[in-house]
Amino acid sequence: MGVISLDGLEVRLANRTILNGLTGELQGKAIGLLGPNGAGKSTLINTLLGFHAPSKGTARVFGLDSYRDRGRIREGVGYMPENDSFIGNMSGVRFVRYMAELAGLPPGIALERAHEALFYVGLGEARYRKVSTYSLGMKQLVKLAQALAHGPKLLILDEPSNGLDPMARTRMIQLIKDIRNEGSIRLLISTHLLRDIDETCDEVLILKGGRIAALCNIEEERRSNRSFMELETVGATERFSVSIRGLGCECASYPGGRIKLILPDNIEARDLYVIASEQGVQIRRMNQRRDSLEDIFLRAMDNDMERMGNGRLQAQL
Amino acid sequence: MAVYKHSYSAYSGRVTSAGTRLLVLSRYAFDEAWSSKISIGLLVFCLLPCLASLVGIYLANNPLARALVGSKGSQFLAIDASFFLKILEGQCWLALVLAAWIAPRVITFDLADNALPILLSHPISRFGYVFGKFAALFASLSFVTWIPCLLLFVYEGYTSSTPWIAANLRIAVGMLGGSVIWITLLAFLGLALSSWVKWRVVATGVIFAAVFIPAGIGGIVTAVLRTQWGFLINLPFMITNLWIRLLGAPGPVNPRWTLPTSAIVIMLILACLACVAMLNKRIRAREVVRG
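Residue numbers (the working numbering), protein chains in the order written: chain R, 69 to 385; chain D, 449 to 739.
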């Protein structure tokens with residue numbers, strides 16, 4: 069069973085279709101939700117939390133219907149919203165305790181875990197200060213603490229590094245990595261910052277215009293492209309190209325001794341050095357390029373544009 | 449998790465029931481309402497008339513005091529439906545003052561900092577949220593309305609030389625019913641208006657305005673059109689009429705200054721429904737922007 073299952077999910081708000089026929093199974097330990105502004109990321113999160121009823125299709129969280137079973141889903145979910153959302157008049161520890169009690173923890177245990185959660189996120193020394201006196205970064209952390217205090221099965225983080233300075237962002241990303249590595253919590257991280265997803269997630273759902281533009285396992289995607297290589301050589305480049313083709317590589321030569329190639333699984337970079345040495349060719353630069361999340365994202369956006377273009381063309385025909 | 453380890457661990461202990469979570473909301477709202485010294489001061493102020501009434505009941509049942517006052521004071525010291533109506537009226541209007549102060553404290557802190565998305569992402573419904581806040585406000589207002597009124601009633605029964613309680617049970621039922629209707633309306637009105645106004649001081653003013661401005665307009669309509677139906681938007685007039693009928697106290701001499709009970713009840717229900725509609729519109733985890 070996946071963490072989140074979407075089956076033809078359509079959500080209409082104010083007579084506008086915000087999510088349109090989303091279908092897919094999200095199974096990663098840390099799932100990234102990517103998309104440009106207005107793609108429907110926050111609407112999908114709100115639907116998963118049961119704030120919006122699907123107009124068609126279903127969304128399931130751990131097999132539970134997102135709207136019908138919203139009470140049970142919320143028991144096991146920790147939610148960190150994008151915007152400011154707290155009770156400024158309360159101290160940090162009282163706020164986190166309150167949220168933990170609302171999630172179902174007995175008062176004594178809620179207080180204990182509130183202290184622990186605040187220390188864990190790094191607000192231990194500031195836990196008796198009123199939340200309204202916190203800086204922006206501290207407010208982000210107190211939202212994370214309240215989402216963690218009751219020990220959720222799924223942690224939903226909406227733009228967790230929003231408005232943070234570089235140091236605070238690094239700390240937030242490290243916290244998210246630690247939580248992911250601990251293993252008992254699945255993460256759903258919504259952001260428009262590719263770098264955040266790249267550093268923390270193993271699966272990504274890319275939305276555009278309320279539709280799924282891509283749904284892929286980042287690690288697998290990277291593995292399938294890991295052997296893409298660029299070389300700059302000096303010497304008998306043509307002969308060298310022929311030789312490495314003989315190894316089974318797909319290869320293309322360019323002026324200036326530049327060679328682009330795709331290595332098969334059984335060939336390592338050192339094999340190229342061996343051939344170069346035998347033929348007296350100097351390899352001045354070797355760039356083994358990983359397919360970055362940015363490539364995946366841009367490809368998804370391009371595919372979506374092409375699909376829309378084809379659709380329009382077919383309509384014209 | 450452990451404070452000294454700074455590490456995360458999952459929670460696998462017992463969890464509380466859904467009903468208990470509603471009480472969590474009430475408990476925190478109640479704490480918030482009474483965390484201010486002004487709230488405590490207002491409570492003491494609201495109970496001063498009860499103290500005076502307590503002395504009045506003591507004097508009315510004290511033979512020496514009665515002998516000192518003589519026959520002229522027998523009317524003054526009469527403990528009957530009119531006496532308790534005055535107490536109920538006084539306490540209920542003081543409850544309005546208290547509600548105008550504490551209702552904004554109960555709800556505006558959540559709304560001012562946009563806490564609803566976080567609060568409602570927990571396993572509580574919007575109804576549960578409003579119910580929790582309502583219960584806290586209802587309990588707070590009970591301290592100055594039906595609880596002291598019924599205690600005075602019991603004290604009168606205790607000090608009276610005749611079997612007084614059984615003969616005047618209607619007064620007790622009337623005070624309880626009248627108080628409950630009034631504080632229910634006040635709680636709804638306080639929550640609904642406070643939910644639409646972020647600033648607490650402004651919310652306090654708006655609560656008073658919502659009671660007295662329609663009353664003034666109703667009075668003008670009544671005077672100009674020479675009809676009693678203008679009183680339908682005069683909340684103080686309607687509720688006083690209702691209390692008179694519930695306690696069985698003597699009513700106004702002029703029959704033009706009355707409204708049918710059914711009309712009063714319908715208007716009070718409509719007022720509560722309007723407040724519920726306002727809360728339904730405002731208490732949401734997410735606002736859907738139309739257009």
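Glycine included, C-beta positions come from ideal geometry on N, C-alpha and C.
Everything numeric in this text was worked out from a predicted model, so none of it was measured.
Beta-carbon proximity check, residue i vs residue j, cutoff 9 angstroms
i	j	result
Leu209 of chain R	Gly190 of chain R	yes
Leu683 of chain D	Ala663 of chain D	yes
Ile619 of chain D	Phe601 of chain D	yes
Gln426 of chain R	Met297 of chain R	The question about residue 426 of chain R has no answer here: the residues shown for chain R are numbered 69 through 385.
Ala127 of chain R	Lys276 of chain R	no
Asn157 of chain R	Phe685 of chain D	no
Arg248 of chain R	Leu255 of chain R	yes
Ile265 of chain R	Ile286 of chain R	yes
Val164 of chain R	Ala236 of chain R	no
Ala584 of chain D	Ala481 of chain D	yes
Asp561 of chain D	Asp137 of chain R	no
Ser31 of chain R	Glu362 of chain R	A question about residue 31 of chain R goes unanswered here, because the residues of chain R that appear run from 69 up to 385.
Ala719 of chain D	Leu637 of chain D	yes
Leu243 of chain R	Leu212 of chain R	yes
Val578 of chain D	Leu639 of chain D	yes
Val101 of chain R	Lys109 of chain R	Just to set this straight, residue 101 of chain R is Leu in the shown sequence, not Val. Yes; because the gap between Cβ atoms is below 9 angstroms, this pair is in contact.
Leu273 of chain R	Ile86 of chain R	no
Arg411 of chain D	Gly576 of chain D	Residue 411 of chain D is absent from the model: chain D starts at 449 and stops at 739.
Buried versus exposed call for residue i [16 or more other C-beta atoms within 10 Å across all chains shown]
i	result
Ala171 of chain R	buried
Gly739 of chain D	Low per-residue confidence applies at Gly739 of chain D: pLDDT is 48, beneath 50, and the placement is therefore not dependable enough to give any value.
Pro220 of chain R	buried
Leu533 of chain D	buried
Pro227 of chain R	It should be pointed out that residue 227 of chain R corresponds to Glu in this sequence rather than to Pro. Classification of Glu227 of chain R: buried, given that the 10 Å Cβ count is 16 or more.
Trp594 of chain D	buried
Ile717 of chain D	exposed
Ile661 of chain D	exposed
Ala82 of chain R	exposed
Leu617 of chain D	exposed
Ser123 of chain R	exposed
Trp691 of chain D	buried
Asn728 of chain D	exposed
Pro552 of chain D	buried
Ala281 of chain R	buried
Leu278 of chain R	Inspection of the sequence shows that residue 278 of chain R is occupied by Gly rather than by Leu. Buried: at least 16 other Cβ atoms inside 10 Å.
Arg462 of chain D	exposed
Ile665 of chain D	exposed
Ser643 of chain D	buried
Tyr322 of chain R	exposed
Ser309 of chain R	buried
Glu604 of chain D	buried
Arg162 of chain R	buried
Spatial neighbours of residue i in its chain, beta-carbon cut-off 7 angstroms, leaving aside the 5 residues before and after
i	result
Met206 of chain R	Leu191, Ala194
Phe591 of chain D	Leu491
Ile631 of chain D	Ala543, Phe586, Leu589, Ser590, Thr593
Ser487 of chain D	Ala481, Trp549, Ile550
Ala168 of chain R	Ala178, Arg181, Ala182, Ala217, His218
Tyr341 of chain R	Ile351
Ser530 of chain D	Ala697, Pro698
N- and C-terminal bounds of the alpha helix (DSSP H) containing residue i
i	result
Lys124 of chain R	Segment 124-129 is the beta strand (DSSP E) holding Lys124 of chain R; no alpha helix (DSSP H) there.
Leu117 of chain R	Careful: Leu117 of chain R lies outside any alpha helix (DSSP H) and carries neither H nor E.
Ile244 of chain R	234-250
Asn728 of chain D	709-730
Ile665 of chain D	648-673
Cys317 of chain R	It is not in any alpha helix (DSSP H) - Cys317 of chain R carries neither H nor E in the DSSP assignment.
Other residues of its chain near residue i: CB distance less than 6 angstroms, five sequence neighbours each side excluded
i	result
Leu315 of chain R	Ile335
Arg353 of chain R	Glu300
Ala733 of chain D	Leu564, Pro565, Leu568
Phe130 of chain R	none
Residue i CB to nearest heavy atom of the ligand HEM below 8 angstroms
i	result
Gly625 of chain D	Within the structure as shown, the ligand HEM is missing, as the structure has no ligands at all.
Enclosing beta strand (DSSP E) for residue i [first to last residue]
i	result
Met297 of chain R	296-302
Thr259 of chain R	254-259
Asn88 of chain R	84-94
Ile555 of chain D	No beta strand (DSSP E) contains Ile555 of chain D, which is instead part of the alpha helix (DSSP H) from 529-560.
Asp226 of chain R	222-226
Cys148 of chain R	Position check: residue 148 of chain R holds Met in this sequence, whereas Cys was assumed. Its beta strand (DSSP E) spans residues 145-148.
Gly277 of chain R	Segment: none, Gly277 of chain R is in no beta strand (DSSP E) and carries neither H nor E.
Same chain, Cβ closer than 8 angstroms to residue i, five either side skipped, listed in chain order
i	result
Leu173 of chain R	Arg181, Ala217, His218
Ala304 of chain R	Gln347, Gly348, Val349
Ser159 of chain R	Arg195, Tyr196, Arg197, Lys198, Val199
Inset, instruction - Tell me, please, whether the segment 530-550 of chain D touches the segment 495-504 of chain D by the rule of three or more beta-carbon pairs shorter than 8 angstroms. - result: Taking one beta carbon from each stretch, the segment 530-550 of chain D and the segment 495-504 of chain D have 3 or more pairs nearer than 8 angstroms; the two touch.
Legend entry - Inter-stretch contact (C-beta, 8 angstroms, three-pair minimum) for the segment 69-77 of chain R and the segment 91-99 of chain R: Segments in contact, yes.
Legend entry - the segment 133-150 of chain R contacting the segment 562-572 of chain D, beta-carbon criterion three pairs below 8 angstroms: Touching, yes, given that three or more Cβ pairs across the two stretches are closer than 8 angstroms.
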